[in-house]
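Chemist:
There are 2 protein chains.
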Amino acid sequence: MKATIDVCLSPELMHLYDVQGKVVVVVDILRATSCMTTALAHGIEHIQPFAKLEECLQAKHNGYFTAGERDGKKVEGFDLGNSPFEYMVPALQGKKIAFTTTNGTQAIAKSKGADTIIIGSFLNLETVVNYLRQQTKNILVVCAGWKGKVNLEDTLFAGAVVELLKDQIKPDCDAPLMAQRLYLDAKEDMVAYLQQSSHVKRLARLNIHKDIVFCLTPNQYQVLPIMQKGLLVDLHRS
Amino acid sequence: MKATIDVCLSPELMHLYDVQGKVVVVVDILRATSCMTTALAHGIEHIQPFAKLEECLQAKHNGYFTAGERDGKKVEGFDLGNSPFEYMVPALQGKKIAFTTTNGTQAIAKSKGADTIIIGSFLNLETVVNYLRQQTKNILVVCAGWKGKVNLEDTLFAGAVVELLKDQIKPDCDAPLMAQRLYLDAKEDMVAYLQQSSHVKRLARLNIHKDIVFCLTPNQYQVLPIMQKGLLVDLHRS
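These protein sequences, in sequence, are chains A and B.
Under the working numbering, the residues of the first sequence are numbered 322 to 559, in order.
Under the working numbering, the residues of the second sequence are numbered 322 to 559, in order.
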């Protein structure tokens with residue numbers, strides 16, 4: 322049987338999808354999975370994702386740097402926020418990070434039970450797609466969205482994956498088809514395309530235009546963040 | 322405050338939206354709301370929607386014709402199925418219909434509590450948009466989808482409404498924006514655009530191409546199906 326690709330546009334729809342036996346790609350472009358990709362590319366040893374703030378903060382006692390974001394802002398008491406540029410510093414090389422965000426780490430939690438969980442972002446798009454090409458299992462792209470609602474940037478990433486795999490895998494459901502059409506419509510200038518997006522407007526108010534432009538730039542890194550025993554590591558280093 | 326428009330892409334996301342005080346437009350292009358529009362346009366007195374098959378069938382004892390569809394097919398024991406052409410017959414004029422479908426009547430049930438519930442389809446698109454132009458309340462388009470998952474045809478209708486109202490109401494969330502972009506991409510030839518859609522493929526296997534083409538034809542009727550005391554009636558006749 323040929324592999325299939327499907328897209329879950331919001332974590333609130335996850336009960337409609339069976340993750341068992343699948344390769345799940347979790348995506349939260351602005352900015353959780355972009356940060357995770359950047360962190361592993363810059364030599365962070367591993368990332369432990371937490372759905373809850375309190376549990377994440379506790380990891381400090383186990384030698385973790387803590388990264389906490391809610392509503393686009395860094396949470397008080399945490400070492401790091403949700404800007405990819407924070408993860409490029411040499412001081413973090415070889416360190417462990419405990420990570421919690423509004424949407425991204427919740428989407429990871431809901432993907433539990435999948436055969437494989439990997440992290441996708443535009444920053445490692447090609448690496449993700451090359452990895453998926455080698456798989457024989459069915460694929461599910463899980464968009465983190467915004468507090469349960471769908472968002473444009475995660476959908477565009479899902480659409481990019483569908484488009485780049487189209488010669489091998491045909492989308493068989495409407496969500497991947499919609500994502501693919503939107504990506505084809507947007508790909509020439511994603512920054513401009515996203516200007517109207519609600520989350521981009523929300524983040525623009527936080528003065529992080531530089532983050533947005535970076536997170537929408539494809540193929541900056543060759544890392545493949547993969548979940549192994551509850552920890553995100555770079556497959557190529559593990 | 323200026324009115325807003327939002328789109329709920331699946332009934333499974335309805336808990337994220339507050340319908341109170343809103344005008345809700347329920348859409349199930351293939352084919353529940355297209356049938357309802359057609360039925361009222363052809364002189365059916367009113368339609369009572371039911372979420373459950375058994376309750377719908379009971380209405381037979383109260384002088385109702387019963388219409389029951391599950392998985393695209395007419396259910397045994399019901400008078401009518403889910404093809405708009407079934408509702409064009411003179412024998413049904415002035416009659417009452419009890420209606421239950423896989424997705425459409427469920428979406429109506431989940432919209433309970435809204436200030437106003439109307440029914441939309443491409444067949445009465447312009448009438449729906451003209452009605453919405455006169456409203457000052459916030460608008461929510463509820464897509465019936467397919468068994469909880471999003472579908473392309475309902476999303477395209479939502480996008481058409483957003484596009485046609487854009488001079489008065491700006492979409493403030495990503496779902497209406499996505500729907501609008503998809504509609505703009507599709508509008509020149511919606512039948513061709515939908516060829517790849519999962520639901521259209523499913524229905525094509527049931528040999529209802531004629532239904533699909535009809536349901537995607539804008540502005541065939543000037544009826545405005547509106548919920549009054551649990552019954553769908555044509556606003557212009559009520």
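Backbone N, C-alpha and C fix where the C-beta goes; we use that ideal spot for every residue, glycine too.
1) Determine, using beta carbons only, whether His367 (chain B) comes closer than 8 Å to chain A.
2) Do the CB positions of Asp532 (chain A) and Pro370 (chain A) come within less than 8 Å of each other?
3) With DSSP run on the structure shown, which of helix, strand or coil describes Ala372 (chain A)?
4) Is Asp493 (chain B) close to chain A? Criterion is C-beta to C-beta, closer than 8 Å.
5) Using 8 Å as the threshold, is the C-beta distance between Ile440 (chain A) and Tyr408 (chain A) below it?
6) For a contact defined as C-beta to C-beta under 8 Å, what are the partners of Lys458 (chain A) on chain B?
7) What is the DSSP secondary structure of Ile429 (chain B), counted as helix, strand or coil?
8) Nearest chain A C-beta to Ala612 (chain B) closer than 8 Å, yes or no?
9) Once you ignore the five residues that flank Phe535 (chain A) on each side, which residues in its own chain have a CB closer than 7 Å to its CB?
10) Closer than 7 Å, Cβ to any Cβ of chain B: which residues of the region 505-516 of chain A, in chain order?
11) From the beta carbon of His530 (chain B), is the nearest beta carbon of chain A less than 8 Å away?
12) Could you list which residues in chain A have their beta carbon closer than 7 Å to that of Lys343 (chain B), in chain order?
13) Taking the CB atoms as reference points, tell me whether Ala360 (chain A) and Thr426 (chain A) lie closer together than 8 Å.
14) Using the Cβ count rule (16 or more neighbours within 10 Å means buried), how would you classify Pro411 (chain A)?
15) At 7 Å on the CB atoms, spell out the chain A contacts of Asn472 (chain B), in chain order.
16) If you follow the beta strand (DSSP E) that Gln501 (chain B) is in, where does it begin and where does it stop?
17) Taking beta-carbon pairs under 9 Å, can you tell me which members of the region 478-490 of chain B lie near chain A?
18) Could you please give the first and the last residue of the uninterrupted beta strand (DSSP E) stretch that includes Glu418 (chain B)?
19) Between Pro546 (chain B) and Gly466 (chain A), what straight-line distance do the alpha-carbon atoms span, to the nearest angstrom?
20) I think Ala419 (chain B) touches Ala380 (chain B), with their Cβ atoms under 8 Å apart; what is that distance to the nearest whole Å?
21) Measuring straight from C-alpha to C-alpha, what distance separates Glu509 (chain A) and Lys522 (chain A)?
22) Taking the DSSP output, what are the residues bridged to Lys395 (chain B)?
23) Taking CB distances under 8 Å as the criterion, tell me whether His382 (chain A) reaches chain B.
24) Does DSSP put Lys522 (chain A) in a helix, in a strand, or in coil?
25) Can you tell me which of A:Phe443, A:Val462, A:Leu453, A:Gly415 puts its alpha carbon nearest to the alpha carbon of Lys431 (chain A)?
26) By how many angstroms is the C-alpha of Ser559 (chain B) removed from the C-alpha of Asn445 (chain B)?
27) Do Asp475 (chain B) and Ala350 (chain B) count as a contact pair if the criterion is CB distance below 8 Å?
28) Taking the C-alpha atoms as reference points, what is the distance between Ser519 (chain A) and Asp493 (chain B)?
29) Using beta carbons (cut-off 8 Å, strictly below), is Ser519 (chain A) in contact with chain B?
30) How about Val328 (chain A) and Ala500 (chain A): are their beta carbons less than 8 Å apart?
31) Does Gly469 (chain A) have its Cβ less than 8 Å from a Cβ in chain B?
32) Distance, Cα to Cα, Phe386 (chain B) vs Leu515 (chain A)?
33) Could you give the distance in angstroms between the alpha-carbon of Gln456 (chain A) and the alpha-carbon of Ala324 (chain A)?
34) Could you spell out the range, first to last residue, of the alpha helix (DSSP H) harbouring Leu453 (chain A)?
35) Quick one: does Arg523 (chain A) have its CB under 8 Å from some CB of chain B?
36) Applying a beta-carbon distance threshold of less than 9 Å, which residues of chain B neighbour Arg352 (chain A)?
Modeler: By the coordinates alone:
1) no
2) no
3) Looking at Ala372 (chain A) - three-state DSSP - the assignment turns out to be coil, as it is neither helix nor strand.
4) Judged by the 8 Å Cβ criterion, Asp493 (chain B) is in contact with chain A.
5) no
6) The premise fails here: Lys458 (chain A) is roughly 20 Å from chain B at the closest Cβ pair, so nothing lies under 8 Å.
7) Three-state result, Ile429 (chain B): helix.
8) An answer regarding residue 612 (chain B) cannot be provided, because it is not within the stretch 322 to 559 covered by chain B.
9) Pro405
10) Asp506
11) Not one chain A Cβ lies under 8 Å of His530 (chain B).
12) The contacting residues do not exist; Lys343 (chain B) stays about 16 Å from chain A at best.
13) no
14) exposed
15) Residues of chain A passing the Cβ test: Asp495.
16) It is not in any beta strand (DSSP E) - Gln501 (chain B) instead sits in the alpha helix (DSSP H) that spans 495-507.
17) Those residues of the region 478-490 of chain B that come within reach of chain A (Cβ to Cβ, closer than 9 Å) do not exist; the list is empty.
18) The amino acid at residue 418 (chain B) is misidentified as Glu; the sequence shows Ile. First-last of the beta strand (DSSP E) with Ile418 (chain B): 417-421.
19) Their Cα atoms are separated by approximately 33 Å.
20) With 8 Å as the limit, Ala419 (chain B) and Ala380 (chain B) qualify as a contact, their Cβ atoms being about 3 Å apart.
21) One C-alpha to the other measures close to 20 Å.
22) According to DSSP, which records beta bridges pairwise, Lys395 (chain B) is partnered with B:Glu390.
23) no
24) helix
25) A:Val462
26) Cα-Cα distance, rounded: 17 Å.
27) According to the sequence displayed, residue 350 (chain B) carries Ile and not Ala. For Ile350 (chain B) and Asp475 (chain B), yes; Cβs fall inside 8 Å.
28) 6 Å
29) True, the Cβ-Cβ gap to chain B drops below 8 Å.
30) yes
31) yes
32) Whole-angstrom Cα-Cα distance: 49 Å.
33) 9 Å
34) Where Leu453 (chain A) is concerned, the enclosing alpha helix (DSSP H) stretches over 446-454.
35) no
36) Near Arg352 (chain A) there are no residues of chain B at all, since even the closest Cβ is about 16 Å away, more than 9 Å.
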